[in-house]
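Enquirer: Be aware that the sequence shown starts at 151, since it is given in the working numbering, and climbs by one per residue.
Quick one: the structure is below, and I'll ask about it shortly.
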Amino acid sequence: MIPTLNSLTPSKHQAAGHDGCLATDSLFIKLTVQQEIDFYTQVQSHDQSVQDAPLGSQLSHWMPTFMGTLTQGDVSKTQTAGSDQSSSAEGQTDKQYIVLSNSYHGFTHPSILDIKLGAKLTDDEVTAPEKIARLQKVSDSTTSGSLNFRICGMKVYNGKSDTKPANELYENMNDSSVSVNINDADDHKYLEFNKFTADR
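Next comes the structure, spelled out in C-alpha cells:
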C-alpha cells in the first residue's frame, strides 16, 4: 500500500549514510538509483523461484522486503529543508525512492549497525574516475579490502545515561569517535559511533 504524504517522516534511526531517509511504521523509504532497484528486483525474482528454500539460504532472507518505488513527486512535500542528498542519485531529473520494509519497526529503542558489504565500493559504469580512485584507496586501507565488509557506523541505546565507554573498543578510537545524542522526546539517549576507520 502506497503511503500518504502526511504519513512520511524523516527516519529517526540511522547509523550512517546520507540524510533524507523517510519512514512510516512499517515502511522505510530512501533515495535510490536504477541499479539498486534492478538489484532488489532481480534478487526477489530469483529467490521467489526457489521452492522450499531453508531459512537463511537465500540472499533475500537477509534483506528488507522490497515493496516497490516512489517518484520525487510522491515524497517531495515531506523533505526537510537542507537535507543532504549528495548520493549518486543526485542530479536525476526524476528522482526515485525505493520502498522497503522497515527493519526497526516494532522496536522501542533499536540499536543499529551500518555495514558496507564488499571490497568494490563503486559501479564503474556510472561513477566518475576520480571517485573510483578515491574509494579504491578507502577499500585498500580498510577492512573493505581485507574482509569484504566495513562498519560504517553504529548507534547503541544508552538509556538516560551520558556515559561513554571507558575502554577503547577499537584501534585509534578517541573521544570524538563517540557522541551522546538524544533521539526521543522522553530523553532516552544513544551512543553514536561515527566513521569507523580501523585499518585492515
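Backbone N, C-alpha and C fix where the C-beta goes; we use that ideal spot for every residue, glycine too.
#1: Which residue comes first and which comes last in the alpha helix (DSSP H) that contains S294?
#2: On a Cα-Cα basis, can you pick out the residue from V328, E186, A278 that is closest to N308?
#3: Report the three-state DSSP secondary structure of C171 (helix, strand or coil).
#4: What's the gap between the Cα of P214 and the Cα of D188?
#5: Please name the residue in N252, A203, V193, D244 whose C-alpha comes closest to that of Q164.
#6: For the pair the region 195 to 215 and the region 254 to 262, tell me if three or more CB-CB distances fall below 8 Å.
#7: Within 10 Å of its beta-carbon, does Q246 have 16 or more other beta-carbons around it, so buried, or fewer, so exposed?
#8: In the DSSP assignment, find the beta strand (DSSP E) that holds S329 and state where it starts and stops.
#9: Taking the alpha carbon of R300 as the point to measure from, which residue in K266, I248, V288 has its own alpha carbon closest?
#10: Does DSSP put S261 in a helix, in a strand, or in coil?
#11: At the level of alpha carbons, what is the spacing between Q208 and G167?
#12: Roughly how far, in whole angstroms, is the beta-carbon of I179 from the beta-carbon of V249, given that I think they are within contact range, below 8 Å?
#13: Roughly how many whole angstroms lie between the Cα atoms of P279 and E342?
#14: Within 10 angstroms of the Cβ of S157, are there 16 or more other Cβ atoms? Answer buried if so, exposed if not.
Expert: To lay it out plainly:
#1: For S294, the enclosing alpha helix (DSSP H) starts and ends at 293 to 297.
#2: Nearest C-alpha to N308: V328.
#3: In the structure shown, C171 sits in coil (DSSP, three-state: anything other than H, G, I, E or B).
#4: The alpha-carbon atoms of P214 and D188 are separated by roughly 15 Å.
#5: That would be N252, whose Cα lies nearest to the Cα of Q164.
#6: Contact check between the region 195 to 215 and the region 254 to 262: fewer than three CB pairs, one atom from each, fall below 8 Å, which does not count as touching.
#7: With 16 or more other Cβ atoms within 10 Å, it is buried.
#8: For S329, the enclosing beta strand (DSSP E) stretches over residues 328 to 332.
#9: Out of K266, I248, V288, K266 has the C-alpha closest to the C-alpha of R300.
#10: The answer is coil: DSSP assigns S261 none of H, G, I, E or B.
#11: Taking the straight line joining both Cα atoms gives about 26 Å.
#12: I179 to V249, Cβ: 5 Å. Contact.
#13: Using only the alpha carbons, I get a separation of about 32 Å.
#14: The residue in question, S157, is exposed, as its Cβ has fewer than 16 Cβ neighbours within 10 Å.
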